[in-house]
Every structure is written in structure tokens, then in C-alpha cells.
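Okay, structure first, notes after.
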Amino acid sequence: MIIVMERNASPKLVDSVTARLEQLGFKVHLSVGVERTIIGVIGEKRPEYMEQLAAMAGVESIVPILRPFKLASREFHPEPTKVQVGNVTIGGEEIVVMAGPCAVESEEQILTIARKIKAAGAQILRGGAFKPRTSPYSFQGLEEEGLKLLALAREETGLPVVTEVVNPRDIELVEKYADMLQVGARNMQNFTLLREIGQSKKPVLLKRGLAATVEEWLMAAEYIISGGNSNVVLCERGIRTYETGTRNTLDLSAVPAVKHYSHLPIIADPSHGTGRWRYVKPMAKAAIAAGADGLMIEVHCRPEEALSDGAQSLTPDNFRQLMAEIKAVAEAVGRKSTEPVVV
Ligand code: PEP
Ligand code: MN
0 MIIVMERNAS PKLVDSVTAR LEQLGFKVHL SVGVERTIIG VIGEKRPEYM EQLAAMAGVE
60 SIVPILRPFK LASREFHPEP TKVQVGNVTI GGEEIVVMAG PCAVESEEQI LTIARKIKAA
120 GAQILRGGAF KPRTSPYSFQ GLEEEGLKLL ALAREETGLP VVTEVVNPRD IELVEKYADM
180 LQVGARNMQN FTLLREIGQS KKPVLLKRGL AATVEEWLMA AEYIISGGNS NVVLCERGIR
240 TYETGTRNTL DLSAVPAVKH YSHLPIIADP SHGTGRWRYV KPMAKAAIAA GADGLMIEVH
300 CRPEEALSDG AQSLTPDNFR QLMAEIKAVA EAVGRKSTEP VVV
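Taken in order, the sequence shown gives residues 0 to 342; the numbers are from numbering that gives the first Met the number 0.
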């Protein structure tokens, strides 16, 4: 349930309500909005407690949250959440583009791509160091060496870095180098990983599972938020359907659905969503038109030589074009996008 405090209820009144809740054994999550404070309350609701709480000074109403996700719900947090990744804000007016190779392959590869995507206007560098591959015989990533190269690329370009953490035992290591932790589609319901990441101070990019409903996805976010980390950004990356013309089916209707049910920012990944570089630009534009807060785009200088996901990777030139084209779409829907750097 949530306790809606009266408009302008003093911090002292909020404190006395939260103290009482804790005394009654509830877990309390505060959401201090511009308009008013909302207290998220998790625990067994006894009718006598409800009456006592409703009688407290400063309490306007007590509202049950009927959906299974609570802290991720709009009811709990009516205003959209903004997530800070280094100096970049996701969920504000500006569209945030994360770009880079599927996998970090070498120093030359990641530094060249990082410079090029930055020049084209991307705000965050992506690159996998731990790769969850379908085949155990495929390239599995450079692991810590890859993380070091990402950190080097950040030093060079100033771009914050997002990279996937596959295993709970690697969280500490990845946190050392990355600005944002990515949970991959295959791990969306790895509840041990989600719980551990809930204890991290780093923002999280939570990709949608290959066959997950929006509700299951928001329940995965709930694991992270209830663990103490509310800096979660969702990423629609396509789901499995009967369609074989594309690698996955990019479910852009999930964008307005998530915005309706949740306060969390959502970005779209048309690279994994389509699996083909030719379809990436149109679907990137469609995602922005649908209200996505950003994009994740795979970029490689020589896609034909990429160690993973070459077929869906844009060249830097194509990426630059994409950035120019999404600018017009962003403006048409009342958003802004970063200008390419003129050299
Ligand atoms: C990736 O971002 O490279 C990746 C493996 O994505 P997903 O988990 O969505 O398949
Ligand atoms: Mn990939």
C-alpha cells in the first residue's frame, strides 16, 4: 500500500509516520515528490493498523497497490524517475543514446568506436566484457581486460560506460570499472543476480527477458528496487515471437505500457530487437516516437569482422546518420537530442 501525505506535510510529520510504520514492522520506502510525499509500505496489513495510520497527522489517504509490483509502480511514484549515469541524466527531456560494440575486442577497436560515437552525439559507451553467448564455443568476452579497456575509453572520451554483469560473483569487479551495470535479457529472472545488484550503488540497465511479459519485467525491477537500488532503467530489446524475418520482435508497445504502469525510464535496443543493421535506424526512430527515453545501438567499424553481432551493428557513418535522423523525431515529440560534435 501507499500512504499519501497531505500536500505540504512537514518533514517532521513524515518522520513520525515512518517511525510508526517501522515500529509496526513494515518496510518503508519514501518518495519525496515536488507536490507531496508518498510512503511506500511493504508488509502485512492488519485492519487495526490501517485505522491507526489513517488517523495520524499529515496523512491524507491510504491506497492499496493492486499490481504485484509496488515500488516500480506509478502509484508509488507518480513523477517519472530520472536516473543519473555519471554526468548523463536518463528520463529527462533529452534522449540518451548508448552506443558501442557488442563486445570489447581490442584497445584499438574500443577507442576508435568510442571517439566516433562521441563525435556523433552518443552520451554513453556500451561494450560487453562478459558475453552471455548461446554457444559455449563462441567468443565469451575479454572479461577484466575488457573492463580495463572500457575504463580507458572513458578516460579518453569522458563517456560513462555501461557493461553487462553476468554472474553475481563478478559484480564487485564490474562495479570497479563501470558507471552502469547491465542485466542481460537471459538474466532478467536471475533472482540471485537481481538481489545482489539491488545492493549496488551503481545504476542498472535491466533488459527485458526473451519471453518476459511487461509485468514479469517490472517484477524483476522490483527485486532490484526492494533491495535498495532505485536507479533502474528498463531496456526493450525484442521478444521471441513466431516471426523469423527479424532476430526478435521489438515490442514498442511496451514503451507506452511501461510508462503507464511505472515511473522508471525506458530505452529501446533496436540492434538486438531486429538483428539486422538495415532495420535499426527505422526502429530507432519509431522507438523515440513511441516515447522511449533513449536508445542502445551496436556500432562496429568493421561489422563483417566483428566477434559478435556484426549483422546488427551499424558502421560509425550509419550511426552518425541515425543520430541526425532521430533528432528530428525527438523534436517532433517534444524531446531533445544531443548535437553531433562539429570537427
Ligand atoms: C548485449 O547488449 O550485447 C546483449 C547481450 O543483449 P541482450 O541481453 O539483450 O541479448
Ligand atoms: Mn550484442
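Beta carbons are placed, not taken as given, at the ideal position from N, Cα and C, and that holds for glycine.
For M187, the secondary structure class from DSSP, reduced to helix, strand or coil, is coil. The Cβ neighbour count for L20, taken over all protein chains shown within 10 Å, is at least 16; the residue is labelled buried. Between the alpha carbons of L205 and N317 lies a distance of about 26 Å.
Around the beta carbon of Q22, fewer than 16 other beta carbons lie within 10 angstroms, which makes this residue exposed.
With a cut-off of 6 Å, the C-beta of C234 is classified as distant from the ligand MN, since no heavy atom of the ligand falls inside that distance. Proximity of the beta carbon of C300 to the ligand MN is not indicated: no heavy atom of the ligand is located closer than 6 Å.
Runs of beta strand (DSSP E) with 3 or more residues, each lying fully within the segment 263 to 301, are found at 265 to 267 and 293 to 297, listed in chain order. By the rule of a C-beta closer than 5 Å to any heavy atom of the ligand MN, the residues picked out are C101 and D308.
In the structure shown, V27 adopts extended strand secondary structure according to DSSP, grouped into three states. Here the C-alpha atom of M218 lies approximately 20 Å from the C-alpha atom of A291. Excluding its 5 nearest sequence neighbours in each direction, A71 has C-beta neighbours in its own chain below 7 Å: L217, A220, E221, I224, S261 and L263, listed in chain order. For A98, the enclosing beta strand (DSSP E) has its first and last residue at E93 to G99. The beta carbon of P79 sits closer than 6 Å to those of G90 and H262, all from its chain and outside the five residues before and after it, given in chain order.
Put simply, the backbone Cα of G333 is about 27 Å away from that of W276. In the three-state DSSP reduction, A102 falls in the strand class (E or B). For the segment 160 to 236, the continuous alpha helix (DSSP H) assignments of 4+ residues that do not extend past its boundaries occur at 170 to 176, 190 to 196 and 213 to 225, in sequence order.
For M49, the enclosing alpha helix (DSSP H) begins and ends at P46 to A53. Buried is the label assigned to R246, since at least 16 other Cβ atoms lie within 10 Å of its Cβ. In the structure shown, M322 adopts helical secondary structure according to DSSP, grouped into three states.
For T133, no beta strand (DSSP E) segment is defined, and its DSSP state is neither H nor E. Three or more Cβ pairs closer than 8 Å define a contact, and the segment 303 to 310 meets that threshold against the segment 93 to 113.
With 16 or more other Cβ atoms from the protein chains shown falling within 10 Å of its own Cβ, Q108 counts as buried. DSSP, read as helix, strand or coil, puts Q311 in helix.
Checking the DSSP bridge columns, you'll see S261 partnered with S72.
For E74, the CB contacts under 7 Å within the same chain, skipping 5 residues up- and downstream, are I1, V62 and I64 in chain order.
By the beta-carbon neighbour count (other beta carbons within 10 angstroms, threshold 16), S134 is exposed. Measuring C-alpha to C-alpha distances from L124 to each of V87, I41 and P255 identifies V87 as the nearest.
The alpha-carbon of R35 is positioned some 6 Å away from that of M4. For the 7 Å CB-CB criterion, A177 and T162 form a contact. Linking R185 to G197 through their CA atoms gives a straight-line distance of about 18 Å. Short of 8 Å from the beta carbon of S312, and not among the five residues preceding or following it, lie these beta carbons of its own chain, in chain order: P100, C101, S270, W276, E297, V298, H299, P302 and A305. Contact check for V160 against F129 fails: the beta carbons are separated by 7 Å or more.
Around the Cβ of E104, a 10 Å sphere holds 16 or more other Cβ atoms; the residue is buried.
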